[in-house]
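The structure appears right after this line, and notes come after that.
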Amino acid sequence: MEIYAVKINGIENPLGYLYDTLICSWKVRGVSGKKQTNVEIRVALEANMQNVIYELNSPELDSLGVPLKLELTPHTRYYYQVIVTTDANETVQSEVCWFETAKLAEEWSADWIGIEENDSIHPEFLKRFSISKKISQARLYICGLGVFEAQINGKKVGNDVMAPFINDYKEHIQYCTYDVTEHLSEKNEILVQLGKGWYMGHFGLTNVAYGMKTFGLIAEVYIQYEDGSVEVIGTDESWNYRGSVFEKTCIYDGETQNYLLWDGKENPWRSAKRIDALATLVERYSPGLHDMESLSVKDVIHTPAGENVLDFGQNFAGVVECTQQIPKGTTMKWEFGEVLQDGNFYHENYRTAKSEFVYTSDGCDRTIRPKFTFFGFRYVKVSGLEEVDGSCFTGKAIYSEMDRTGEIETGNVKINRLHENVVWGLKSNFIDMPTDCPQRDERLGWTGDAQVFCRTAGYLMDTRSFYAKFIRDLRSDQMRNNGKAAIYLPNEFPGLCASVWSDIATFLPDMLYDYYGSKDMLACHYPLMKDWVDCIRREDQNRGEKHLWDFGFQFGDWLALDGATEQSTFGATDSGYIASVYYYASTSYVAKAAKVLGYEEAKEYEQLAESIKTAILDEYFTTSGRIAVDTQTGYLVALKFGIYRDKNKMIEALRTRIKKDCYRIKGGFVGATMMNTVLADCGMEDLAYDFLFFEGFPGWLYAVNLGATTIWERWNSILPDGKISGTGMNSLNHYSYGSVMEFVYRHSMGLIPVEPGFKKVCLAPKPDVRMGYFKGSFDSAAGRYVSQWEIKKNGVLSFHIEIPFGCEAEVVLPEQEAKVLPAGSYDFEIMTKRDYLALYSGTTPVERLLDNPKAVEILDKYLPGYIASIDRNDLEAMNKSIVDQRTRAMLFRQPTESYEKAIEEISKIHV
Numbered sequence: 004m005e006i007y008a009v010k011i012n013g014i015e016n017p018l019g020y021l022y023d024t025l026i027c028s029w030k031v032r033g034v035s036g037k038k039q040t041n042v043e044i045r046v047a048l049e050a051n052m053q054n055v056i057y058e059l060n061s062p063e064l065d066s067l068g069v070p071l072k073l074e075l076t077p078h079t080r081y082y083y084q085v086i087v088t089t090d091a092n093e094t095v096q097s098e099v100c101w102f103e104t105a106k107l108a109e110e111w112s113a114d115w116i117g118i119e120e121n122d123s124i125h126p127e128f129l130k131r132f133s134i135s136k137k138i139s140q141a142r143l144y145i146c147g148l149g150v151f152e153a154q155i156n157g158k159k160v161g162n163d164v165m166a167p168f169i170n171d172y173k174e175h176i177q178y179c180t181y182d183v184t185e186h187l188s189e190k191n192e193i194l195v196q197l198g199k200g201w202y203m204g205h206f207g208l209t210n211v212a213y214g215m216k217t218f219g220l221i222a223e224v225y226i227q228y229e230d231g232s233v234e235v236i237g238t239d240e241s242w243n244y245r246g247s248v249f250e251k252t253c254i255y256d257g258e259t260q261n262y263l264l265w266d267g268k269e270n271p272w273r274s275a276k277r278i279d280a281l282a283t284l285v286e287r288y289s290p291g292l293h294d295m296e297s298l299s300v301k302d303v304i305h306t307p308a309g310e311n312v313l314d315f316g317q318n319f320a321g322v323v324e325c326t327q328q329i330p331k332g333t334t335m336k337w338e339f340g341e342v343l344q345d346g347n348f349y350h351e352n353y354r355t356a357k358s359e360f361v362y363t364s365d366g367c368d369r370t371i372r373p374k375f376t377f378f379g380f381r382y383v384k385v386s387g388l389e390e391v392d393g394s395c396f397t398g399k400a401i402y403s404e405m406d407r408t409g410e411i412e413t414g415n416v417k418i419n420r421l422h423e424n425v426v427w428g429l430k431s432n433f434i435d436m437p438t439d440c441p442q443r444d445e446r447l448g449w450t451g452d453a454q455v456f457c458r459t460a461g462y463l464m465d466t467r468s469f470y471a472k473f474i475r476d477l478r479s480d481q482m483r484n485n486g487k488a489a490i491y492l493p494n495e496f497p498g499l500c501a502s503v504w505s506d507i508a509t510f511l512p513d514m515l516y517d518y519y520g521s522k523d524m525l526a527c528h529y530p531l532m533k534d535w536v537d538c539i540r541r542e543d544q545n546r547g548e549k550h551l552w553d554f555g556f557q558f559g560d561w562l563a564l565d566g567a568t569e570q571s572t573f574g575a576t577d578s579g580y581i582a583s584v585y586y587y588a589s590t591s592y593v594a595k596a597a598k599v600l601g602y603e604e605a606k607e608y609e610q611l612a613e614s615i616k617t618a619i620l621d622e623y624f625t626t627s628g629r630i631a632v633d634t635q636t637g638y639l640v641a642l643k644f645g646i647y648r649d650k651n652k653m654i655e656a657l658r659t660r661i662k663k664d665c666y667r668i669k670g671g672f673v674g675a676t677m678m679n680t681v682l683a684d685c686g687m688e689d690l691a692y693d694f695l696f697f698e699g700f701p702g703w704l705y706a707v708n709l710g711a712t713t714i715w716e717r718w719n720s721i722l723p724d725g726k727i728s729g730t731g732m733n734s735l736n737h738y739s740y741g742s743v744m745e746f747v748y749r750h751s752m753g754l755i756p757v758e759p760g761f762k763k764v765c766l767a768p769k770p771d772v773r774m775g776y777f778k779g780s781f782d783s784a785a786g787r788y789v790s791q792w793e794i795k796k797n798g799v800l801s802f803h804i805e806i807p808f809g810c811e812a813e814v815v816l817p818e819q820e821a822k823v824l825p826a827g828s829y830d831f832e833i834m835t836k837r838d839y840l841a842l843y844s845g846t847t848p849v850e851r852l853l854d855n856p857k858a859v860e861i862l863d864k865y866l867p868g869y870i871a872s873i874d875r876n877d878l879e880a881m882n883k884s885i886v887d888q889r890t891r892a893m894l895f896r897q898p899t900e901s902y903e904k905a906i907e908e909i910s911k912i913h914v
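As numbered in this note's numbering, residues 4 to 914 make up the sequence shown, in order.
Pasting the structure below:
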């Protein structure tokens with residue numbers, strides 16, 4: 004029996020965080036009971052929990068999130084414990100957990116300090132101090148700009164990298180809290196080094212997204228002694244500074260460390276300069292950002308060009324550590340890339356980003372690594388050394404701290420690789436904000452990418468604290484821009500917004516409520532949602548109120564393949580139609596949130612949503628239900644958001660459109676990212692699986708077959724011959740199209756939330772023989788679900804399902820009556836009328852049949868000459884089926900018996 008994942012605001016044991024609200028959540032496993040009969044939450048000031056200062060006791064306390072209404076005091080660690088009683092008379096209690104406050108509203112006694120205006124250095128600040136009494140505990144409260152690393156007595160403080168992370172610097176800057184009790188001794192030395200980071204460096208589409216000019220530091224070492232007294236060592240003019248070994252620190256261009264920089268030069272310690280406050284300080288709200296995984300070198304490649312290139316075997320974001328001894332005076336250079344070209348190092352697709360690390364050695368042994376930047380890469384070119392020892396190099400994957408929640412294993416190695424590619428795309432782009440890519444001169448918080456991927460991300464990781472941080476930054480920016488939501492952060496174009504992208508303001512909070520079930524979190528996010536919809540409504544009213552968003556700039560179906568050319572950035576789907584549908588969706592999400600929160604304005608937004616829907620139907624649909632926007636994306640968004648006069652007619656029209664498109668993906672950031680999920684939601688999982696398993700261009704397995712280890716920005720970022728298809732916009736680590744994994748979790752695994760937080764789900768797994776077998780688990784906010792299936796050789800479908808404590812599932816298995824089951828473990832074996840072992844049917848495109856020798860043999864037997872008559876370069880002919888050919892024969896009054904026999908035998912082909 005265990006209570007696990009006990010968190011405050013989605014974080015385990017948070018130290019010095021911002022607590023706008025205190026939401027306690029937990030999960031239960033390993034019990035016999037099905038549900039809780041009582042819950043106690045106790046809060047105390049000591050770890051032994053003897054003197055309880057706050058207590059809740061009720062069977063109604065929700066594990067998804069209980070607000071703790073405490074009056075918090077500064078510098079205080081609060082201990083808490085959750086105790087659950089089950090309906091099997093079991094009592095289980097959590098470990099004692101804690102959360103700790105920082106300074107709260109307390110004034111800083113420290114000053115902001117900096118360097119002299121004419122100093123062109125990367126500074127390091129030093130303070131020496133002594134302690135004569137016994138310490139009870141000590142904390143370091145610190146903010147250094149652009150980014151900092153602190154050491155006390157030569158030991159790094161905390162495990163964060165690039166703190167204080169990415170901030171809305173116009174609004175506030177986070178300060179961090181670290182426990183330094185074990186760092187201190189009688190004689191102490193605190194050293195803080197600063198890099199430029201996002202705050203001062205080359206960053207953004209304008210290169211100066213933040214463009215600040217001043218290094219700055221504020222810090223307090225807050226020491227509590229055993230005798231009850233307190234001492235604060237704060238930054239002031241008694242601190243000293245000098246130039247550090249850093250010559251360059253840049254997010255895009257990389258870092259230069261020169262340990263001989265000051266040889267033969269004067270670099271004395273000088274008194275720090277008191278400076279004006281650089282920003283308003285606020286407790287940290289970024290989750291931990293640090294090394295999360297280590298990767299060894301898979302190969303040291305000696306290229307045709309004579310280069311030494313390390314291959315880590317995986318594209319990822321982070322840094323490299325090196326322990327190889329570097330002779331004094333030697334300058335070692337690392338350059339980072341995602342792909343080789345003609346066997347040689349290459350990174351032209353990084354555009355202007357130099358993406359390099361340069362290290363000049365003083366001959367001392369140390370672990371060499373960049374401190375104030377990160378890279379996106381698989382390959383590292385190492386120059387400047389006579390020999391490169393690959394065993395001395397280790398990759399360090401950096402991403403925000405999140406628990407892994409989703410795991411999938413199938414009998415199809417390519418699907419397994421695709422799933423891992425999506426996971427690595429998430430890891431690589433979740434470095435304190437959801438970015439588009441981690442390598443080139445961009446790495447921005449594009450909201451469209453985040454919006455289309457957030458529901459997939461929620462299956463893969465516990466994203467609530469990560470996304471809550473992003474929402475806070477979005478809201479800060481929105482409040483300066485009259486309700487407009489940014490297309491990316493940092494917002495270099497205030498006032499510019501666009502559908503799909505700016506709709507992150509409603510889509511992301513809605514996803515967080517669906518996945519994590521916290522009304523308190525939803526209430527915090529509601530102003531962002533409401534103000535965004537009100538902004539569109541206000542602009543629509545200013546031009547006469549048509550209840551459509553068919554004006555202003557739009558990205559439309561970005562990078563769709565049905566544009567003027569397949570390389571065009573804008574797709575064929577009417578951008579006003581897309582924007583209006585998303586205006587409807589956003590308004591519906593506001594209405595839903597208002598209703599959940601009990602706000603009277605819910606009705607107002609419900610009525611507005613209906614008015615928008617009516618306007619869309621009037622403008623883009625005929626009275627009989629046909630849509631004027633005859634594109635894949637046109638149908639998909641209508642079906643996803645429920646805008647149609649006749650759903651069945653829309654489904655059939657989409658099938659027809661896909662057939663006309665020769666079963667090729669035509670949509671872009673809007674259509675392709677939702678395609679498989681919408682198809683399966685509408686009962687077309689056959690098509691969804693066909694797209695998933697398609698190995699050509701455009702398709703998800705195309706990249707897998709070419710050795711991709713992450714998701715690409717374009718379907719053909721690399722051509723079949725291994726050549727990169729262009730450098731203008733061609734990232735090999737761009738997670739958006741990884742949204743296909745929502746389909747795999749939602750339909751292959753079959754896990755669909757029915758109530759917020761997955762307290763109640765629909766478990767409706769949809770087997771496909773091409774998977775081989777399926778094993779999926781999802782440790783939801785409510786607990787761990789398991790869904791496994793296998794198609795046995797005799798055609799029997801075997802299912803294993805696990806439902807977590809306190810939850811229930813409506814289980815819908817193929818050709819069976821739905822049944823509602825409580826928590827527990829269940830196994831089922833069923834025989835269906837449908838033959839799930841069958842690979843093909845009469846409607847299978849001949850393109851697929853030609854890949855199977857047995858199918859080719861059957862076609863040659865019953866339809867001699869048919870295969871020979873097909874032009875393999877004729878995409879339309881290749882995507883005709885035997886049923887299509889039979890229909891043609893019937894039209895010309897030709898015999899169809901041979902077609903019937905071919906269909907019958909092809910339908911019996913098994914794996």
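Glycine included, each C-beta is placed from N, C-alpha and C at the ideal position.
6 Å Cβ shell around residue i - same chain, five flanking residues per side excluded
{"i": "glycine 845", "result": "Ile885, Val886, Ile906"}
{"i": "threonine 104", "result": "Leu75, Pro77, Thr79"}
{"i": "glutamine 196", "result": "Glu127, Glu152, Ser247"}
CA-to-CA distance, residue j to residue i, given in whole angstroms
{"i": "leucine 722", "j": "glycine 387", "result": "33 Å"}
{"i": "lysine 137", "j": "aspartate 182", "result": "16 Å"}
{"i": "isoleucine 278", "j": "aspartate 114", "result": "8 Å"}
{"i": "alanine 141", "j": "valine 85", "result": "28 Å"}
{"i": "glutamate 607", "j": "threonine 590", "result": "10 Å"}
{"i": "valine 69", "j": "glutamate 324", "result": "42 Å"}
{"i": "tyrosine 83", "j": "serine 751", "result": "39 Å"}
{"i": "tyrosine 586", "j": "valine 303", "result": "52 Å"}
{"i": "asparagine 419", "j": "glycine 731", "result": "30 Å"}
{"i": "cysteine 665", "j": "isoleucine 912", "result": "23 Å"}
{"i": "tryptophan 792", "j": "glutamate 423", "result": "20 Å"}
{"i": "leucine 263", "j": "serine 364", "result": "7 Å"}
Whole-number beta carbon distance between residue j and residue i, since they are thought to touch under 8 Å
{"i": "valine 757", "j": "lysine 763", "result": "5 Å"}
{"i": "tyrosine 244", "j": "isoleucine 118", "result": "6 Å"}
{"i": "isoleucine 176", "j": "leucine 194", "result": "With a Cβ gap of about 21 Å, isoleucine 176 and leucine 194 do not count as contacting."}
{"i": "aspartate 266", "j": "threonine 355", "result": "Not quite, the Cβ-Cβ distance comes to about 32 Å (not below 8 Å), so this is no contact."}
{"i": "asparagine 318", "j": "asparagine 736", "result": "5 Å"}
{"i": "phenylalanine 808", "j": "valine 31", "result": "4 Å"}
{"i": "leucine 639", "j": "methionine 687", "result": "With 8 Å as the limit, leucine 639 and methionine 687 do not qualify as a contact, their Cβ atoms being about 11 Å apart."}
Candidates the options, of which the one nearest residue i by Cα
{"i": "leucine 515", "options": "Asn191, Arg541, Asp465, Lys487", "result": "Asp465"}
{"i": "asparagine 508", "options": "Asp523, Leu816, Trp449", "result": "Correcting the residue identity first, residue 508 is alanine in this sequence and not asparagine. The candidate whose alpha carbon is nearest that of alanine 508 is Trp449."}
{"i": "proline 817", "options": "Pro770, Gly809, Asp830", "result": "Pro770"}
{"i": "valine 815", "options": "His803, Gln570, Pro807", "result": "His803"}
{"i": "lysine 268", "options": "Ser247, Asn92, His305, Tyr462", "result": "Ser247"}
{"i": "phenylalanine 151", "options": "Phe132, Cys179, Ile134", "result": "Cys179"}
Proximal residues to residue i (C-beta, below 7 Å), its chain only, five neighbours per side dropped
{"i": "histidine 186", "result": "Ile155, Asn156, Lys158, Val160"}
{"i": "leucine 525", "result": "Pro512, Tyr516, Ala596, Val599, Leu600"}
Any non-hydrogen atom of the ligand FAD closer than 7 Å to residue i Cβ
{"i": "lysine 769", "result": "As for the ligand FAD, it is missing from this structure, which has no ligand bound."}
Same chain only: Cβ atoms within 8 Å of residue i, ignoring 5 sequence neighbours per side
{"i": "tyrosine 213", "result": "Tyr172, Trp201, Tyr202, Met203, Phe206, Gly207, Pro493"}
{"i": "glutamate 189", "result": "Ser133, Ile134, Ser135"}
{"i": "lysine 836", "result": "Glu818"}
Which complete beta strand (DSSP E) runs does the segment 156-205 hold, if anything under 3 residues is left out? Those beta strand (DSSP E) runs which fall completely within the segment 156-205 and span 3+ residues are 176-182, 190-198.
Mind pulling the alpha helix (DSSP H) runs of 4 or more residues that sit fully within the segment 634-675? Inside the segment 634-675, DSSP marks whole alpha helix (DSSP H) runs of 4 or more residues at positions 635-644, 650-663, from first to last along the chain.
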